[in-house]
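With the sequence shown counted from 1, adding 1009 to any position gets you my numbering. Here is the structure we will look at.
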Amino acid sequence: MSVPTSRVVFGAAGARPCTLVLCRGCCCGDARKHPGVDHQWQLDRLRAAAAQSGGRLAVRTTDCLGPCDQANVLVVQPSGEGRRRGGRATWIGWSGDDACTDDVLDWVAAGGPGLADPPATLTLQFINPPRPEPRRSRR
Ligand code: FES
1010 MSVPTSRVVF
1020 GAAGARPCTL
1030 VLCRGCCCGD
1040 ARKHPGVDHQ
1050 WQLDRLRAAA
1060 AQSGGRLAVR
1070 TTDCLGPCDQ
1080 ANVLVVQPSG
1090 EGRRRGGRAT
1100 WIGWSGDDAC
1110 TDDVLDWVAA
1120 GGPGLADPPA
1130 TLTLQFINPP
1140 RPEPRRSRR
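Spelled out as structure tokens, the structure:
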């Protein structure tokens, strides 16, 4: 029995989990710049969800992603299957409150980008990724 090639996912990419990349740079996660936000609680909630996901969700932190004026910034990267179905990395700004964290966790539990529609309230916090630096031509 043959398998249609369009349904075959090769290597580790097919098993790649949906990944939350949480900025913890110079502004995101900084209690002095964003008081009243429990930054550690947010990270703990996301990590707990990943631990309970059976490998379907991963969480990592990163240094400054660029749009500090929209901190806390969070990027939802699609799973391998989600990317194959057209899902792309989704940038979310002002993500520090519990309601946003709830929406993010609901979305990724449903499959995330490419596999499930995001909660409507979460779409209001979608932001554009920073534009890449223009490349200088060699002269
Ligand atoms: S510190 Fe998060 S975008 Fe700069």
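For every residue, glycine included, the Cβ atom is placed at its ideal position computed from N, Cα and C.
* Quick one: is the Cβ of L1031 within less than 7 angstroms of any heavy atom of ligand 1? -> Working through the sequence shown from its first residue, we reach residue 1031 at position 22. No; taking the cut-off as 7 angstroms, the Cβ of L1031 has no heavy atom of ligand 1 nearer than that.
* **Exposed unless 16 or more other CB atoms sit within 10 angstroms - verdict on Q1134** => Locating residue 1134 in the sequence shown gives position 125, where the first residue counts as 1. So Q1134 ends up on the buried side.
* Closer than 6 angstroms is what we want: which residues have a beta carbon that near any heavy atom of ligand 1? List them in chain order. => C1032, G1034, C1035, C1036, C1037, C1073, L1074, G1075, P1076, C1077, A1080 and V1082
* Asked: Which partner residues of V1085 appear in the DSSP bridge assignment?
  -> Your numbering for residue 1085 matches position 76 in the sequence shown. DSSP lists L1029 and T1099 as partners of V1085.
* Which residues in the same chain have their Cβ closer than 7 angstroms to the Cβ of C1077, if we skip the five residues on either side of it in sequence? -> Taking the first residue of the sequence shown as 1, we reach residue 1077 at position 68. The residues are C1035 and C1036.
* Is the distance from the Cβ of I1052 to the Cβ of L1031 below 8 angstroms? -> For the purposes of this step, residue 1052 is identified with residue 43 of the sequence shown, where counting begins at 1. For the purposes of this step, residue 1031 is identified with residue 22 of the sequence shown, where counting begins at 1. Residue 1052 is actually Leu in this sequence, not Ile. Result yes, Cβ atoms of L1052 and L1031 sit closer than 8 angstroms.
* Asked: Just the Cα atoms here: how many angstroms apart are G1063 and G1091?
  -> Here residue 1063 refers to the residue found at position 54 of the sequence shown. Here residue 1091 refers to the residue found at position 82 of the sequence shown. Each residue's alpha carbon lies about 17 angstroms from the other.
* Asked: Whose C-alpha, out of N1137, A1119, C1027 and D1112, is nearest the C-alpha of A1067?
  -> Sequence index remark: in the sequence shown, residue 1067 carries index 58 (1-based). Nearest C-alpha to A1067: C1027.
* Could you have a look at R1153 and say whether DSSP puts it in helix, strand or coil? => Residue 1153 is absent from the structure shown; the chain starts at 1010 and stops at 1148.
* Would you decide whether D1112 is buried or exposed? Buried here means 16 or more other CB atoms lie within 10 Å of its CB. => Counting from one through the sequence shown, the residue named residue 1112 turns up at place 103. Flag for D1112 reads buried.
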